[in-house]
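Just so you know, my numbering puts 270 at position 110 of the sequence shown, and the rest follows in order with no gaps. Using N, Cα and C, we set each Cβ at its ideal position, and we do this for glycine too. Have a look at the structure below before the remarks.
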Amino acid sequence: MIGTIVNTGAVLAGSAVGISAGKRLPERIRTILMQGLGLSVVLIGLKMALSGEKLIATIGYLLLGGLTGEILRIEERIERVGEWLKKRSGSDSSSFVQGFVSASLLYLVGAMMIVGSIQDGTAGDPSTLYVKSLLDGVASIALASTFGVGVAFSALSVLVVQGSITLLAAKLLFLQDPNVLNAITATGGLLILGIGINLLELKYIRTGNLLPALVYAILGAVILG
161 MIGTIVNTGA VLAGSAVGIS AGKRLPERIR TILMQGLGLS VVLIGLKMAL SGEKLIATIG
221 YLLLGGLTGE ILRIEERIER VGEWLKKRSG SDSSSFVQGF VSASLLYLVG AMMIVGSIQD
281 GTAGDPSTLY VKSLLDGVAS IALASTFGVG VAFSALSVLV VQGSITLLAA KLLFLQDPNV
341 LNAITATGGL LILGIGINLL ELKYIRTGNL LPALVYAILG AVILG
């Protein structure tokens with residue numbers, strides 16, 4: 161669990177730096193930082209997505225996931241959590257919810273989170289999560305400088321979701337199967353690509369509603385191999 165605690169702390173620390181810096185940075189500087197982060201996220205997403213070996217299956221998972229997410233209105237529910245946290249925190253930031261949703265999805269979509277959590281939970285090896293903590297901390301600085309305190313509250317998402325996987329690691333070892341990881345990485349890469357597009361404000365993609373694609377990817381890899 162130590163890896164998740166460090167990761168949560170890194171998000172909070174990065175957010176604090178970003179919020180403090182954001183108040184002092186001119187709008188043009190915040191804009192170029194967000195554009196740089198957006199391009200970086202797009203690159204990471206593309207690299208992950210293109211690493212997949214079963215392109216048609218990945219597309220199928222994404223479409224099924226999107227359909228399921230729209231029916232269940234997952235992103236709307238995540239936004240409600242963000243709105244509730246905003247009210248509880250007394251924040252008046254207009255970008256609180258966007259920051260919370262974008263950061264939460266960015267930090268929790270990907271094989272590094274799953275592998276790192278299982279390694280930490282079963283072998284007591286938090287090294288992968290330490291690397292993830294560094295990446296998330298840097299991303300938090302850039303995100304929080306633009307979106308504000310909502311990014312800091314994404315640390316709760318990391319603590320709850322990543323922490324739960326760590327505690328249940330012994331029962332989730334099948335997630336480390338190469339076929340499963342490959343499917344998660346490729347499908348998660350497309351979701352991260354969507355987050356990057358949102359950060360660049362090219363077109364708003366409801367990435368939260370695409371989250372079920374990861375479940376379909378896992379099931380497909382386990383059943384089909």
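Exposed unless 16 or more other CB atoms sit within 10 angstroms - verdict on Asp252: With fewer than 16 neighbouring CB atoms inside 10 Å of its own CB, Asp252 falls in the exposed class.
Cβ pair count under 8 Å reaching 3, the region 300-318 against the region 339-348: no
Three-way DSSP call (helix, strand, coil) for Val166 in this model: helix
Alpha-carbon to alpha-carbon, Gly198 and Leu185: 18 Å
Three-pair Cβ contact test at 8 Å for the region 303-315 versus the region 259-271: Three or more beta-carbon pairs drawn from the region 303-315 and the region 259-271 are found closer than 8 Å, and the two stretches are therefore classed as touching.
Nearest to Val257 (by Cα), restricted to the options Leu266, Val269, Val241: Val241
Short Cβ contact (7 Å threshold) for Gly390 with Thr326: Examination of residue 390 is not possible in this model, given that the chain is present from 161 through 385 alone.
Candidates Leu268, Gly276, Ala373, Leu384, of which the one nearest Val171 by Cα: Leu268
Alpha carbon of Leu118 to alpha carbon of Leu379, nearest angstrom: Any question about residue 118 goes unanswered here, given that the chain covers just 161 to 385.
Environment of Ser277 [buried if 16+ CB atoms lie within 10 Å]: buried
Per-residue burial, Tyr376 [other beta carbons within 10 Å of its own, 16 or more giving buried]: Tyr376 should be labelled buried.
Beta-carbon spacing of Gly368, Glu235 below 7 Å: yes
Of the residues Ser200, Gly310, Ser175, the one placed nearest Ser249, counting alpha carbons only: The candidate whose alpha carbon is nearest that of Ser249 is Gly310.
Through-space distance from Ala373 to Leu223, alpha-carbon basis: Leu223 and Ala373: Cα-Cα distance of roughly 7 Å.
Counted within 10 angstroms of its Cβ, other Cβ atoms place Gly421 as buried (16 or more) or exposed: No statement about residue 421 is possible, as the shown extent of the chain runs from 161 to 385 and does not include it.
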